[in-house]
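This report concerns only the one structure given below.
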Amino acid sequence: MDKFQWTNVALFADFPPEELERVKPIFSTFSVDKGEKLIAEGDTGDEMYILVKGRVRITKSMLIKGMSVPLEELKDPRKVLATLDGALCPLFGEMALIDRDTRSATVETLEPCEFLRTDRARFFDLLEREPIIGVRLLTALSKRLAATVRKNNSELIKLTTALALALSRA
Numbered sequence: 012m013d014k015f016q017w018t019n020v021a022l023f024a025d026f027p028p029e030e031l032e033r034v035k036p037i038f039s040t041f042s043v044d045k046g047e048k049l050i051a052e053g054d055t056g057d058e059m060y061i062l063v064k065g066r067v068r069i070t071k072s073m074l075i076k077g078m079s080v081p082l083e084e085l086k087d088p089r090k091v092l093a094t095l096d097g098a099l100c101p102l103f104g105e106m107a108l109i110d111r112d113t114r115s116a117t118v119e120t121l122e123p124c125e126f127l128r129t130d131r132a133r134f135f136d137l138l139e140r141e142p143i144i145g146v147r148l149l150t151a152l153s154k155r156l157a158a159t160v161r162k163n164n165s166e167l168i169k170l171t172t173a174l175a176l177a178l179s180r181a
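In this text, residue positions in the sequence shown follow the working numbering: the first is 12, and each later residue adds one.
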């Protein structure tokens, strides 16, 4: 974790140094080799990750739940949602801290990677012990999730419009 700066993580960008020092202990570090599946879509989990070094690919199944054979036109039943680079210190898996629902996508390493990780128990323990930090963390996570919802809404409108146009021409 050479040269890693906690303030490079968007979640912590506005944290005062003394508060950031109290957040650090809830995270542990670990490394993963190239080609490893860190998160599998459909599995349950309660961990959030920060990519510190390396690259990961996030994919989602394009099959409807219960469909065993992909649509004929669908050569690859997985869609690449994003490729994340550790240079930007992106985080993922944050929804699992809140709701412990099934994972919505698969995350695989494209090269050897280093991560920071926390889980729901450590996260909520910090929230209870440090309410001011808790408000700051939950506000930052809420803003991130709200931005994701806005982006998804925009994509949904585009897809709905494209489908309506395609159907009107059929």
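Here a beta-carbon is modelled for each residue, glycine too, at the ideal position from N, C-alpha and C. The structure presented is a predicted model; accordingly, all values stated were derived computationally and were not measured.
When DSSP labels each residue in this structure, what does residue i get in the three-state scheme?
i           : result
residue 74  : coil
residue 121 : coil
residue 114 : coil
residue 139 : helix
residue 134 : helix
residue 20  : coil
residue 47  : coil
Please go through the same chain and pick out, in chain order, the residues whose beta-carbon is closer than 7 angstroms to the beta-carbon of residue i, but skip the five residues on each side of it.
i          : result
residue 19 : 100
Taking the straight line between their C-alpha atoms, what separation do you get for residue i and residue j?
i           : j           : result
residue 68  : residue 33  : 31 angstroms
residue 95  : residue 150 : 23 angstroms
residue 118 : residue 135 : 24 angstroms
residue 110 : residue 50  : 16 angstroms
residue 112 : residue 55  : 6 angstroms
residue 53  : residue 88  : 15 angstroms
residue 35  : residue 180 : 56 angstroms
Taking the CB atoms as reference points, tell me whether residue i and residue j lie closer together than 8 angstroms.
i           : j           : result
residue 103 : residue 60  : yes
residue 144 : residue 137 : yes
residue 90  : residue 70  : yes
residue 107 : residue 58  : yes
residue 47  : residue 147 : no
residue 139 : residue 40  : no
residue 133 : residue 37  : yes
Who are the Cβ neighbours of residue i in its own chain at under 6 angstroms, not counting the five residues just before and after it?
i           : result
residue 171 : none
Would you mind sorting residue i into buried or exposed? The rule is 16 or more other CB atoms within 10 Å of its CB.
i           : result
residue 116 : buried
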